[in-house]
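Chemist:
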Amino acid sequence: MDPLIIDQVAKSFAQTVAVRDVSFRVGQGEIFALLGPNGAGKTTTIRMALDIFRPDRGTIALFGKSPGAQARDRVGYLPEERGLYRNLNLLDCLVYLAGLKGLSAPESHRRLAGWLERFDLANHTAKKVGDLSRGMQQKAQFIAALVHEPDLLIVDEPFAALDPVNTRLIKDVLYELAAQGKTVIMSTHQMHLVEELAERLVMISRGEVVLYGTVNEVRRQFAANAVLVEGHGRLERLPGVTAVEPQGENGTLQLRLEDGATPQEVFRALAAQPAYAVERFAVALPTLDEIFVQVAGGGRVREVGR
Amino acid sequence: MTRLLWIARHEYVRHARRRGFLLATFGLPLLVIGGVALLILVLANTLRPEAAIGYVDQSGILDGVTIPAAAAGENSFVPLRPFPDEAAARAALDAGAVDAFAVIPADYEATGALAVYGPERLSSDGRTTLRAALDRGMLARSGASAEVAARALDPLGEVAARTPAGATIDPQLPIGRGAVAILGSLIFVVTVFSSASYLLQALVEEKENRTMEIVTTSVAPAALIGGKTLGLGLLGLTIALVWAVSAGVAWAVAGAFIAPVRAVPLPWSALLPAVLLLPLGYLVFAGLMVAISAVVSSAQEGQQFAGVASLLAFLPLMLSGVLLAEPDGPIATVLSLFPLSAPVAMQLRLATGAVPPWQFVLSVGLLAAAAGLAVWGAARVFRTGMLRYGKRLSVRETLRAFGAR
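Structure below.
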């Protein structure tokens, strides 16, 4: 059973349409990316999934039922708007939040000890939250989201304010959770991390789904008819290639192909050229960053299937 | 239920540890007890009765006069010591045998002129003793019978205070009733306003520091509001209890040293209706504060809205003069039926006058209905406005929230 199914959901606030028509499913044990430009409706969609708001139209199934009390303890949430009790010390704050998820105080202490140690916060438990650095607060809030071992973890910009070491730490935890069969929904603008972590994605723009599918499928869908080539020697004219464009400083060339020409044909022609030695040959796939800019700007709708 | 209690415990402990709370809870009582102690100290030092007062009676008016011992609880008489002349009295004063002496001239009966040597002013007991001696002396000279003399010395000694219906009452009772009514009202006001104010602060704070989103994805809004309402209600009750106990201690201590205070009986049973009025009144204000917290965008704005509601609850205390003087009048009746002012107004009326049972029942009924409506409406408005960061909910949105699912 998919932990989260969102079907034709819409939500408006006064005169503002926040979510027009959004549908997607998130499978168990996957890391799923929820993307979109600012104000696209991502946070509203998450809040509806968490029963903070109720949709005006459409249905949401969280663990097979409408979002509500029965699912609260199975979900962990790191909201985009970070917030902790600044006047409490770190440990008291985390124990309280864990208690809200149903953990007893002794159990919270036991579990938190391990997480605080792992996130290098064990020596800061007596400090007031307000006195911690932004990165430390971010890590503390991440711990608060997963200390009760949720089946579904929703993280909004989980890598904001983190250095590369802590980014790696969070990534490792997300991988571990997915490996344990837990589901992770990640909303971020750091597209390289989506490419690295997520298996599937949905992109919302102006309250509607504009991209939906696996990361590789989406990239392939947006691939220009071009290949990337690295090598050395003199490159002669190739049949089926309309333009040769240098890419960056490392000698990589992008070969734009005629309509109807395939990468395989170009590769064969390239291999037949004695004056040029091929070291790397790849179909030119756009980065998610490029796709994001293109789609968010143009509102192009693509659904690539699950 | 467990989450509700967890939240209640958290809110109680978190606020009880704050310096502001400790200052508000213990600061004022300490100030009051300190003030009473200071007053007693000042009274003890400045108004201490003389050990003995001497007199030189040139008029012969005090011949054969004896001063009886004072009854318990009343001012005690100071021993009077006669001296044959002014020089002997002055010598006794210098030697410390007396603290003052009076010279009663021969023409005292005609002129009333009298000289007292010693302190600037005799103590209350000293003056009473000298007055009693002279009263007795002059009555003896007038030849009045023993009965007439006794009546003249204490003409109001046998007054019986009665109600218009004829029932006997303790003349000090209205004072005690007024004191209890004011104390009961103050306890209500302190409990409700400190709790409601903490509730407003806690909810707006969670909106401002963005913890609301985590909290509302962990517990149902009803448990969140219920937990906070319970925890902070108990916090207000703690303040009220500390203040009430302090007031009781201050009253007992003052009574031990100051006779008029001791004479006033306190009808504590008049506070019993508060057991019903206090929680209902608190629920009304808690509901209002929850709704205000959802509507406003900052704590400052919240306090302004809360101020208007508080004013209505304070109104009976501000008009306590009218209410105590005319507990069955139209102003008192209306205020004791209107839910926001009812808890205080009804307590003032119950302590000072006889409230018709139907009015009490109607008042409690209206208060209960208002409490139910406030809690129901607050939950709806809260759900709509809880995540509205930095933006106030419009009147239209607020009204629409009442109809939301």
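Quick note, the sequences are listed as chains H and D, same order. 17 is the number of the first residue of the first sequence in my numbering; add one for each residue after it. 1170 is the number of the first residue of the second sequence in my numbering; add one for each residue after it. Even glycine gets a Cβ: it sits at the ideal position worked out from N, Cα and C. Here the structure is a predicted model, which is why all the values come from computation and not from measurement.
#1: I want to verify the contact list: residues of chain D whose CB lies under 8 Å from the CB of valine 91 of chain H, in sequence order.
#2: Measure from the alpha carbon of valine 1203 of chain D to the alpha carbon of each residue in D:Leu1452, D:Phe1190 and D:Ala1423, then state which is nearest.
#3: In terms of alpha-carbon separation, which member of D:Gly1295, D:Val1453 and D:Leu1283 lies closest to serine 1510 of chain D?
#4: With respect to the beta strand (DSSP E) encompassing arginine 36 of chain H, which residues constitute its N-terminal and C-terminal limits?
#5: Quick one, which of H:Ile170, H:Leu78, H:Trp131 and H:Ala142 has its alpha-carbon nearest lysine 155 of chain H's?
#6: Using a C-beta to C-beta distance shorter than 8 Å, which residues of chain H count as neighbours of arginine 1379 of chain D?
#7: Looking at C-beta atoms only, is the number of pairs between the segment 1458–1477 of chain D and the segment 1535–1553 of chain D that lie closer than 8 Å three or more?
#8: List, in order along the chain, the chain A residues whose C-beta lies closer than 9 Å to that of leucine 113 of chain H?
#9: Give the list of continuous alpha helix (DSSP H) stretches no shorter than 4 residues that lie fully inside the segment 1384–1448 of chain D.
#10: Output the distance between the C-alpha atoms of glycine 1490 of chain D and isoleucine 1500 of chain D, rounded to the nearest integer angstrom.
#11: Could you tell me the alpha carbon to alpha carbon distance between aspartate 179 of chain H and aspartate 167 of chain H, rounded to whole angstroms?
#12: Ordered along the chain, which non-local residues of its own chain (more than five positions away) have a Cβ less than 8 Å from that of glycine 1278 of chain D?
#13: List, in order along the chain, the chain H residues whose C-beta lies closer than 7 Å to that of arginine 1172 of chain D?
#14: Can you tell me whether methionine 17 of chain H is buried or exposed, with buried defined as 16 or more other CB within 10 angstroms of its CB?
#15: Note down the Cα distance separating glycine 1498 of chain D from leucine 1504 of chain D, rounded to an integer number of angstroms.
#16: Kindly give me the distance between the Cβ atoms of glutamate 173 of chain H and serine 203 of chain H, rounded to whole angstroms, as I take these residues to be in contact under 8 Å.
#17: Name the DSSP bridge partner or partners of lysine 81 of chain H?
#18: For the pair the segment 1461–1477 of chain D and the segment 1409–1416 of chain D, tell me if three or more CB-CB distances fall below 8 Å.
#19: Let me make sure I understand the geometry here. Which of H:Gln31, H:Asn182 and H:Tyr191 has the alpha-carbon closest to that of leucine 137 of chain H?
#20: Taking Cβ to Cβ, would you say valine 1513 of chain D is nearer than 8 Å to alanine 1439 of chain D?
#21: Taking contact to mean 3 or more Cβ pairs, one atom from each stretch, closer than 8 Å, check whether the segment 1365–1376 of chain D and the segment 1395–1404 of chain D are in contact.
#22: Evaluate alanine 1520 of chain D with the Cβ neighbour count: other Cβ atoms within 10 Å of its Cβ, from every protein chain shown; 16 or more gives buried, anything less gives exposed.
#23: By the three-class DSSP mapping on this structure, what secondary structure does aspartate 23 of chain H have?
#24: For a contact defined as C-beta to C-beta under 9 Å, what are the partners of arginine 88 of chain H on chain D?
#25: Report the residue from D:Arg1565, D:Leu1191 and D:Ala1389 whose alpha carbon sits nearest the alpha carbon of threonine 1407 of chain D.
#26: Mind checking the segment 64–86 of chain H against chain D and listing, in chain order, the residues whose C-beta falls within less than 7 Å of any C-beta there?
#27: Using a Cβ-Cβ cut-off of less than 8 Å, list which residues of the segment 18–50 of chain H approach chain D; keep chain order.
#28: When the Cα atoms are used, what is the spatial distance from aspartate 1304 of chain D to isoleucine 1222 of chain D?
#29: Taking the beta carbon of arginine 322 of chain H as the centre, do at least 16 other beta carbons fall within 10 Å, making it buried, or is it exposed?
#30: DSSP has glutamine 270 of chain H in a bridge; who is on the other side?
#31: Could you tell me the alpha carbon to alpha carbon distance between serine 1292 of chain D and tyrosine 1286 of chain D, rounded to whole angstroms?
#32: Since arginine 1561 of chain D meets chain H, which of its residues come closer than 7 Å, beta carbon to beta carbon?
#33: Sort out for me which residues DSSP pairs proline 1251 of chain D with in a bridge.
#34: In this structure, how does DSSP classify lysine 1376 of chain D when only helix, strand and coil are distinguished?
#35: By Cβ distance below 7 Å, which residues in the same chain neighbour glutamate 1495 of chain D in space, the five residues on each side in sequence not counted?
#36: When you compare only the Cα positions, how much space is there between proline 19 of chain H and threonine 75 of chain H?
Modeler: In short:
#1: In chain order: Thr1386.
#2: A quick correction: the sequence has glycine, not valine, at residue 1203 of chain D. D:Ala1423 is the residue among D:Leu1452, D:Phe1190 and D:Ala1423 whose C-alpha sits nearest the C-alpha of glycine 1203 of chain D.
#3: Closest by alpha carbon: D:Val1453.
#4: Unbroken beta strand (DSSP E) run through arginine 36 of chain H: 32–42.
#5: Residue H:Trp131 is the option with its Cα nearest to lysine 155 of chain H.
#6: Near arginine 1379 of chain D (Cβ distances below 8 Å), the residues of chain H are Pro95, Glu97, Arg98 and Gly99.
#7: Yes: at least three Cβ pairs fall under 8 Å.
#8: Absence of chain A from the displayed structure is noted, the protein chains being H and D.
#9: Within the segment 1384–1448 of chain D, the alpha helix (DSSP H) runs of at least 4 residues that lie entirely inside it are, in chain order, 1390–1426 and 1428–1432.
#10: A direct Cα-to-Cα measurement between glycine 1490 of chain D and isoleucine 1500 of chain D gives close to 11 Å.
#11: C-alpha separation (whole angstroms): 27 Å.
#12: Before going on, a small fix: residue 1278 of chain D reads as glutamate here, not glycine. Within the same chain, glutamate 1278 of chain D has close Cβ partners Ser1228, Ile1230, Met1307 and Arg1310.
#13: The contacting residues are Leu116.
#14: Counting of Cβ neighbours within 10 angstroms places methionine 17 of chain H among the exposed residues, the total staying below 16.
#15: Glycine 1498 of chain D and leucine 1504 of chain D: Cα-Cα distance of roughly 10 Å.
#16: Contact between glutamate 173 of chain H and serine 203 of chain H holds: CB atoms are separated by about 7 Å, below the 8 Å threshold.
#17: As DSSP reads the structure, lysine 81 of chain H sits in a beta bridge with H:Leu78.
#18: No contact exists between the segment 1461–1477 of chain D and the segment 1409–1416 of chain D.
#19: Of the listed residues, the one whose Cα sits closest to leucine 137 of chain H is H:Asn182.
#20: Taking 8 Å as the cut-off, the beta carbon of valine 1513 of chain D is found no closer than this to the beta carbon of alanine 1439 of chain D.
#21: Yes, the segment 1365–1376 of chain D touches the segment 1395–1404 of chain D.
#22: The residue is buried, with at least 16 neighbouring Cβ atoms inside 10 Å.
#23: Three-state result, aspartate 23 of chain H: strand.
#24: Going along chain D in sequence order, the residues near arginine 88 of chain H (Cβ under 9 Å) are Thr1386, Ser1387, Val1388 and Ala1389.
#25: Per the Cα distances, D:Leu1191.
#26: Shown in chain order are the members of the segment 64–86 of chain H whose Cβ falls below 7 Å from a Cβ of chain D: Leu66, Ile68, Arg70 and Ala85.
#27: For chain D, the residues of the segment 18–50 of chain H that bring a beta carbon within less than 8 Å of one of its beta carbons are Ala30, in chain order.
#28: Their backbone Cα atoms lie some 17 Å apart in a straight line.
#29: Any reading at arginine 322 of chain H needs caution, since the residue's pLDDT is 41, under 50, leaving its predicted position unreliable; the model's value is listed next. Exposed, since its Cβ has fewer than 16 Cβ neighbours within 10 Å.
#30: Per DSSP, H:Leu244 and H:Glu261.
#31: Cα to Cα, the separation comes out at about 13 Å.
#32: What arginine 1561 of chain D touches in chain H: nothing, since even the nearest Cβ is about 13 Å away.
#33: Under DSSP, the beta-bridge partners assigned to proline 1251 of chain D are D:Tyr1224.
#34: Here lysine 1376 of chain D sits in helix by DSSP.
#35: Ala1501, listed in sequence order.
#36: Distance from the CA atom of proline 19 of chain H to the CA atom of threonine 75 of chain H, rounded to whole angstroms, is 14 Å.
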